[in-house]
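*Asks:* The structure under discussion is supplied below as structure tokens; questions concerning it will follow.
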Amino acid sequence: MMQNQPAPRRRRLRLGTVLLAAVTIPLALVTLLGLEPFPLLPEPFSSAAGTISRLLLDIVAITAAFSVFAGVVNLLRVHVSNVRRGGTGLYSLLTILTFLLIIVLHVVERFSVITVEGSTNPILTLTAMDSIQVATESALAGMVFFFLVYAAFRLMRRRVTLWSTLFVTTAIVVLIGYSPLPGLEFLSGFREWLLRVPVAAGTRGLLIGIALGTIAVSIRVLTGQDRTFRE
Numbered sequence: 011m012m013q014n015q016p017a018p019r020r021r022r023l024r025l026g027t028v029l030l031a032a033v034t035i036p037l038a039l040v041t042l043l044g045l046e047p048f049p050l051l052p053e054p055f056s057s058a059a060g061t062i063s064r065l066l067l068d069i070v071a072i073t074a075a076f077s078v079f080a081g082v083v084n085l086l087r088v089h090v091s092n093v094r095r096g097g098t099g100l101y102s103l104l105t106i107l108t109f110l111l112i113i114v115l116h117v118v119e120r121f122s123v124i125t126v127e128g129s130t131n132p133i134l135t136l137t138a139m140d141s142i143q144v145a146t147e148s149a150l151a152g153m154v155f156f157f158l159v160y161a162a163f164r165l166m167r168r169r170v171t172l173w174s175t176l177f178v179t180t181a182i183v184v185l186i187g188y189s190p191l192p193g194l195e196f197l198s199g200f201r202e203w204l205l206r207v208p209v210a211a212g213t214r215g216l217l218i219g220i221a222l223g224t225i226a227v228s229i230r231v232l233t234g235q236d237r238t239f240r241e
């Protein structure tokens, strides 16, 4: 004798979920119509949608700016607490001093206390930021080099396959192609071909995948099927 299976519980709609969907979906549609006007819409409605869309984008930009400011304040708070505790607070102290130096330079240049003749741009601030960025990028590039060499060694040591051999060969060709060794100009040309054809194709594939994923998530939000509306 078969036992009666209990009926599945129906998910009850909550007021917060309904309000979230009722606010998000119309605003998303209006923003979409403002960014890409529909040709069959009347001109007043299209103009109003564009105005509302720009207003919403400004609100998002202001919110993002406040989020960045809150993140910077939290970062400084963490580094200040590290300095107060002592021990390994040297890097935290350097971070705080660098932050304050950039802010002071920018304020000084903004009020024209220090000016560079023939330029209206904050040259000192940009130079300091570029110097820090170039040094950081150089250090990261060196780390990527050692990571590639170590990854190639581990890959070939674990299992030799066609793809691992192709990876190691490509990495060696690219690294040697960047080195200024005489008599290896053909490797430099091959490296440029690798970057221009296979790497560019892979990058475009990644960008297309990201765009398709964004479209899929947007459609779920516009139709109220996103997980946020069901929690």
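For the sequence shown, this note's numbering begins at 11 and goes up steadily by one. Cβ atoms here follow ideal geometry from the backbone N, Cα and C, with glycine treated the same way.
Relative to the C-alpha of PHE200, which residue among ALA181, ILE218, GLY212 and ARG214 is closest?
*Replies:* Measuring from the Cα of PHE200, the nearest candidate turns out to be ALA181.
*Asks:* For GLN143, which option in THR108, ALA162 and VAL118 has the closest C-alpha, if you only look at C-alpha atoms?
*Replies:* Of the listed residues, the one whose Cα sits closest to GLN143 is THR108.
*Asks:* Can you confirm whether the region 201–208 touches the region 217–237 when touching is taken to mean that 3 or more C-beta pairs between the two stretches lie within less than 8 Å?
*Replies:* Flag = no, the region 217–237 and the region 201–208 do not touch.
*Asks:* Classify THR135 as buried or exposed, calling it buried when 16 or more other Cβ atoms lie within 10 Å of its own Cβ.
*Replies:* The residue is buried, with at least 16 neighbouring Cβ atoms inside 10 Å.
*Asks:* Assign MET11 to one of two classes, buried (16 or more other C-beta atoms within 10 Å of its C-beta) or exposed (fewer than that).
*Replies:* Only weak support is given to the placement of MET11: the predicted model assigns it a pLDDT of 44, under 50, and the value that follows is read from those uncertain coordinates. Answer is exposed; the Cβ neighbour count stays below 16.
*Asks:* Please look up how many angstroms separate the CB atoms of THR34 and LEU66, rounded, as I've assumed it's under 8 Å.
*Replies:* Contact doesn't hold; Cβ gap of about 11 Å is too wide.
*Asks:* Rounding to the nearest angstrom, what Cα-Cα distance links PRO3 and ALA221 in this structure?
*Replies:* Nothing about residue 3 can be reported from this structure: the residues present for the chain run from 11 to 241 only.
*Asks:* Should LEU216 be labelled buried (16 or more other beta-carbon atoms within 10 Å of its own) or exposed?
*Replies:* Exposed is the call here.
*Asks:* Within the same chain, show all residues whose beta-carbon is closer than 7 Å to that of LEU39, passing over the 5 residues directly before and after it, in chain order.
*Replies:* The residues are LEU232.
*Asks:* Could you check what DSSP says for LEU51 in three-state terms: helix, strand or coil?
*Replies:* Of the three classes helix, strand and coil, the one that applies to LEU51 here is coil, per DSSP.
*Asks:* Buried or exposed: GLY187, going by 16 or more other Cβ atoms within 10 Å of its Cβ?
*Replies:* Buried is the call here.
*Asks:* In or out: GLY81 buried (at least 16 other Cβ within 10 Å) or exposed?
*Replies:* Exposed is the call here.
*Asks:* Between HIS116 and MET139, what straight-line distance do the alpha-carbon atoms span, to the nearest angstrom?
*Replies:* So the two alpha carbons sit approximately 11 Å from each other.
*Asks:* Just to confirm, are VAL183 and LEU172 a CB contact at a threshold of 8 Å?
*Replies:* No, they are not a contact pair.
*Asks:* Check whether the Cβ atoms of ILE106 and VAL93 lie closer than 8 Å to each other.
*Replies:* Taking 8 Å as the Cβ cut-off, ILE106 and VAL93 qualify as a contacting pair.
*Asks:* Nearest to ALA58 by alpha carbon, out of LEU45, VAL70 and VAL90?
*Replies:* Considering only alpha carbons, the answer is LEU45.
*Asks:* Am I right that PHE177 and LEU165 are in contact with their C-beta atoms under 8 Å? What's the rounded C-beta distance?
*Replies:* So it is a contact: roughly 7 Å between Cβ atoms.
*Asks:* Within 10 Å of its beta-carbon, does SER102 have 16 or more other beta-carbons around it, so buried, or fewer, so exposed?
*Replies:* Label assigned to SER102: buried.
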